[in-house]
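Under the working numbering, the residues of the sequence shown are numbered 225 to 519, in order.
Inspection log for the structure reproduced underneath, given as structure tokens.
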Amino acid sequence: MDYRDRVFIAVAEHLSFSKAAEHLNISQPAVTKHIKELESRYDIGLFERTGNKVYLTRAGKKVYNAFKQIAAQYRELDFEMSQLHDSVSGEFIIGASSTISQYVIPKTIASFHKRYPKIQIHLINGNSFEMEQLLLNNQVDIALVENNSSQAGISYKRFMDDELIVVTGANSVYAKRKTISKDDLLHFPLVLREQGSGTLDVIKKAFTQQGIAFDSLNTLIHLGSTESIKNFLQDFDGLAIISEKAALSELYMKSLVKLKVTDFSIPRTFRAAFKQGHKSRLVELFETFLFSYNF
């Protein structure tokens with residue numbers, strides 16, 4: 225792939241000439257020169273500059289999508305060529321939701337790397353909606369998400385089960401209750417994940433199915449990660465609803481207490497998401513490994 229094309233991708237993804245230069249370890253004037261040469265090649269502006277901010281033009285978006293597809297084809301070619309030498313190598317990018325990236329997938333990636341040490345894996349994390357957008361924009365090759373909703377242009381496959389549980393801090397006034405009712409959930413203070421979170425999406429649907437209006441919950445605050453919620457609970461007289469897999473260490477150490485809710489549970493599945501259409505051989509290799517992995 226032409227180096228100027230790689231420079232363009234870096235600017236498009238950072239939306240900054242200076243950050244792209246830092247990422248590529250070249251000077252900012254060099255970045256500017258490469259972009260001007262590319263704009264001259266197509267005889268059209270690819271970026272719109274407003275003050276210190278940079279935006280892709282309509283033409284820039286078309287070029288970006290095309291270059292990402294070309295980059296994926298190069299990665300697939302590298303993989304196929306390596307197979308001819310009986311030495312599997314290549315590179316791909318995983319986008320994973322926060323819970324999966326922190327508590328589920330690292331061991332899988334480590335095991336995959338042990339088996340295929342010449343394959344480079346890049347892991348990007350965020351909430352499920354963000355990962356789906358990166359997938360649609362060709363910025364990741366596969367997305368691992370924890371939401372229940374689906375987006376057009378994406379196909380989904382379940383790879384493991386999870387459960388959302390109600391927890392409270394060990395020093396909370398609710399820690400000795402052990403069991404609570406669904407009505408208690410309406411009144412006790414709650415801390416939940418942020419909008420766009422797959423966990424929050426599942427929680428909303430679970431309450432709707434139980435005939436409970438989500439807006440009627442006593443939610444005091446939304447936080448951007450499960451880790452921040454667990455830390456918040458250490459000095460909060462209230463509850464949280466988080467992944468059981470994310471709370472295993474704290475439950476074992478007894479810094480968090482799991483509360484059973486009578487006649488109420490929130491099971492969910494973790495899914496692998498793929499952009500509909502062509503799937504690279506390298507992604508298929510990881511997909512096969514993921515679905516045979518013993519979690």
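Where is the CB? At the ideal position from N, CA and C, for every residue including glycine.
(message) If I follow the unbroken beta strand (DSSP E) through H346, where does it start and stop?
(response) Looking up residue 346 in the sequence shown gives position 122. Element bounds for H346: 343–350.
(message) Cutting at 6 Å between CB atoms, please list the residues of its own chain near I465, excluding the five before and the five after it.
(response) Counting from one through the sequence shown, the residue named residue 465 turns up at place 241. The beta carbon of I465 lies closer than 6 Å to those of L388, V390, I427 in the same chain, with the five residues before and after it left out.
(request) Flag this pair as yes or no: are the beta carbons of L359 and A320 separated by less than 7 Å? (result) Against the sequence shown, residue 359 aligns to sequence position 135. Against the sequence shown, residue 320 aligns to sequence position 96. Not closer than 7 Å, so no.
(request) Starting from the C-beta of S421, find all residues in its chain whose C-beta is less than 6 Å away, skip the five residues before and the five after it, and write them out in chain order. (result) Locating residue 421 in the sequence shown gives position 197, where the first residue counts as 1. These residues qualify, in order along the chain: N351.
(message) Is it the case that the segment 447–461 contacts the segment 373–389, given that we only count it when at least three CB pairs across the two stretches are under 8 Å?
(response) By the Cβ test, the segment 373–389 is not in contact with the segment 447–461, since fewer than three Cβ pairs between them sit closer than 8 Å.
(request) Mind reading off the beta-carbon distance from V364 to I318? Whole number of angstroms is fine, and I expect it under 8 Å. (result) For the purposes of this step, residue 364 is taken as residue 140 along the sequence shown, with counting starting at 1. For the purposes of this step, residue 318 is taken as residue 94 along the sequence shown, with counting starting at 1. Yes, they are in contact, since the Cβ atoms of V364 and I318 sit about 6 Å apart, within 8 Å.
(message) With distance defined between alpha-carbon atoms, name the residue in H258, T281, K277 nearest to S268.
(response) Numbered from its first residue, the sequence shown carries residue 268 at position 44. First, the residue type needs correcting, since residue 268 is Ile and not Ser in the sequence shown. The alpha carbon of I268 has as its nearest neighbour, out of H258, T281, K277, the alpha carbon of T281.
(message) Please tell me whether D408 and R492 are closer than 7 Å, where the distance is taken between their beta carbons.
(response) The sequence position of residue 408 within the sequence shown is 184, counting from 1. The sequence position of residue 492 within the sequence shown is 268, counting from 1. Not a contact, by the Cβ cut-off of 7 Å.
(request) Name the two residues that bound the continuous alpha helix (DSSP H) containing I250. (result) Stepping through the sequence shown from its first residue, residue 250 is reached at position 26. No alpha helix (DSSP H) contains I250, which DSSP labels as neither H nor E.
(request) Pull up the distance between the alpha-carbon of A244 and that of H238, whole angstroms please. (result) As a position in the sequence shown, residue 244 is number 20, starting the count at 1. As a position in the sequence shown, residue 238 is number 14, starting the count at 1. Rounded to whole angstroms, A244 and H238 show a C-alpha spacing of 6 Å.
(message) Using the Cβ count rule (16 or more neighbours within 10 Å means buried), how would you classify A290?
(response) Numbered from 1 along the sequence shown, position 66 holds the residue referred to as residue 290. Exposed, since its Cβ has fewer than 16 Cβ neighbours within 10 Å.
(message) Quick check on the burial criterion: 16 or more other C-beta atoms within 10 angstroms. Buried or exposed for M477?
(response) Locating residue 477 in the sequence shown gives position 253, where the first residue counts as 1. Flag for M477 reads exposed.
(request) Would you kindly work out how many angstroms separate the C-alpha atoms of G462 and F456, rounded to a whole number? (result) Mapped onto the sequence shown, residue 462 falls at position 238. Mapped onto the sequence shown, residue 456 falls at position 232. Each residue's alpha carbon lies about 10 Å from the other.
(request) Quick one: grab the DSSP three-state call for T281. (result) Taking the sequence shown and counting its residues from 1, the one referred to as residue 281 is at position 57. Under the three-state reduction of DSSP, T281 is assigned to coil, being neither helix nor strand.
(request) Compare the Cα-Cα distances from V287 to each of Y298, R273, E300, L262 and report the closest residue. (result) For the purposes of this step, residue 287 is taken as the residue at position 63 of the sequence shown. Between V287 and the set Y298, R273, E300, L262, the nearest pair of CA atoms involves L262.
(message) Alpha carbons only, please: which of S405, S396, D439, A470 is nearest the one belonging to T423?
(response) As a first step, residue 423 must be located in the sequence shown, where it is residue number 199. Comparing Cα-Cα distances from T423 to each of S405, S396, D439, A470, the minimum goes to A470.
(request) Along the alpha helix (DSSP H) that carries P330, what are the first and last residues, could you check? (result) In the sequence shown, the residue the question calls residue 330 occupies position 106. 329–339 is the extent of the alpha helix (DSSP H) around P330.
(request) Out of T323, L441, K402, state which residue places its alpha-carbon closest to the alpha-carbon of T486. (result) Stepping through the sequence shown from its first residue, residue 486 is reached at position 262. Nearest C-alpha to T486 among T323, L441, K402: K402.
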